[in-house]
Amino acid sequence: MLRIRPTLHTPQVSRWAELLIPLGLREMTPLPATASPAGTAQRCFAADAGRILLEEAIGFGTALAFEVRDLEKFAQWTIADGTPVTLRPAPESSGSEELALVAAPDGSVFTALAVDPLDTSGTPPKETSSASEGQLAVVALWYTPDIPGAESTLANIGAKPDTILNSGNRAQYRAKHGGFVAAHSGTGASVELSLEYAGKLEVLATAVSAAGLTGHLVDEAYGRTLLVDHPDGGKLWINERQQDLYGYDRH
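Read left to right, the sequence shown gives residues 720 to 970 (the working numbering).
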């Protein structure tokens, strides 16, 4: 089992919730296991594929995290495939006894947590490479100077290739139980939250407008994007599921 669940650190948890709900994400109660101590304000939302954890913090930023079924087996398999993993005790009252830290070649360290496999929120009905019409998926954008190293790390934790740019500057991988990680060429290592929609973005643009939020559609080289103003002063990118695959391979 592997599911993408980035953690969005923000001082604006409630306002982010007010953005995610009109887009179609559903709040999860009770909260899945996290890596934070008791008393930290958190809310978790499930898309059609993948989840997002909102966590109260002084500053704004995104950390990449994964959900798995069995943490020790995940660590064993990942280490055997060549990616270092360290198991550590989780903070008290976090809902988990252990957490795993996955070390990527570019210096990034990601978290993996064991969650209840019977809670399928954020898992597509059909675990295939094709997205269903109207499906909203969580995408963690991983900027890295080492695309091959990122691809190796994602493959070693059990993710599968989805859409790969032939030039080697972008590689999107999917998790079987929901969500994507898209590795982009960058001068440094960082992670950002985005979404992907399998359908016409006008549907989401209408929902954004009806909720009193600000967003606009733009045309990119690979398709269209809905840019939505978010509470921390930036824009949340929602990309249409890519249909023009010139220069790309889809697996």
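We treat Cβ as the ideally placed atom computed from N, Cα and C, and that holds for glycine. Quick caveat: nothing in here was measured; it's all calculated off a predicted structure.
Element boundaries [alpha helix (DSSP H), containing residue i]
i	result
E911	Counting along the chain, E911 falls outside any alpha helix (DSSP H), though it belongs to the beta strand (DSSP E) covering 909–916.
Q795	790–799
P741	732–742
L806	First-last for L806: 804–808, but that is the beta strand (DSSP E), not the alpha helix (DSSP H).
G868	866–875
T665	In the structure as shown, the chain begins at 720 and stops at 970. Residue 665 is therefore absent and cannot be evaluated.
Supposed contact pair residue j and residue i - C-beta distance, whole angstroms, cut 8 Å
i	j	result
L773	A856	Contact flag wrong, Cβ pair sits at about 18 Å.
A902	A869	4 Å
Q731	D951	6 Å
S815	A752	4 Å
S823	T872	Per the sequence shown, residue 823 should be read as Ala rather than Ser. Contact flag correct, Cβ pair sits at about 5 Å.
Cross-strand partners of residue i (DSSP beta bridge)
i	result
W861	A902, V910
A765	R745, R770
E852	Answer is none; E852 lacks a bridge partner.
G942	E939
Through-space distance from residue j to residue i, alpha-carbon basis
i	j	result
P741	V927	6 Å
R893	A766	14 Å
A859	E791	24 Å
G758	G966	48 Å
Y916	R943	10 Å
L923	L721	27 Å
R889	S904	6 Å
G841	S827	25 Å
G918	E959	7 Å
G743	T805	35 Å
C763	T882	27 Å
H970	R788	25 Å
R745	W861	24 Å
Continuous beta strand (DSSP E) stretch holding residue i: start and end
i	result
N958	954–959
A784	784–787
T729	726–729
E939	934–939
D838	Where D838 is concerned, there is no enclosing beta strand (DSSP E), given that its DSSP letter is neither H nor E.
I883	879–884
A822	817–822
Cβ-Cβ distance between residue i and residue j below 8 Å
i	j	result
G819	F793	In the sequence on display, residue 819 carries Ala and not Gly. Yes, the pair counts as a contact, with Cβ atoms nearer than the cut-off.
V821	I866	no
T781	T863	no
Q854	P843	yes
G934	D948	yes
A831	F785	yes
P810	P749	no
G912	I771	Looking at the sequence shown, residue 912 is not Gly but Leu. Yes, they are a contact pair.
G769	G897	yes
P808	E817	yes
A878	V910	no
L783	F829	yes
L936	L955	no
Contact test: residue i Cβ vs the ligand ADP heavy atom, cutoff 7 Å
i	result
R807	Among the ligands in the structure shown, none appear at all, so the ligand ADP cannot be discussed.
Within-8 Å CB hit, residue i to chain B
i	result
G743	You won't find chain B in this structure, because it holds only one protein chain.
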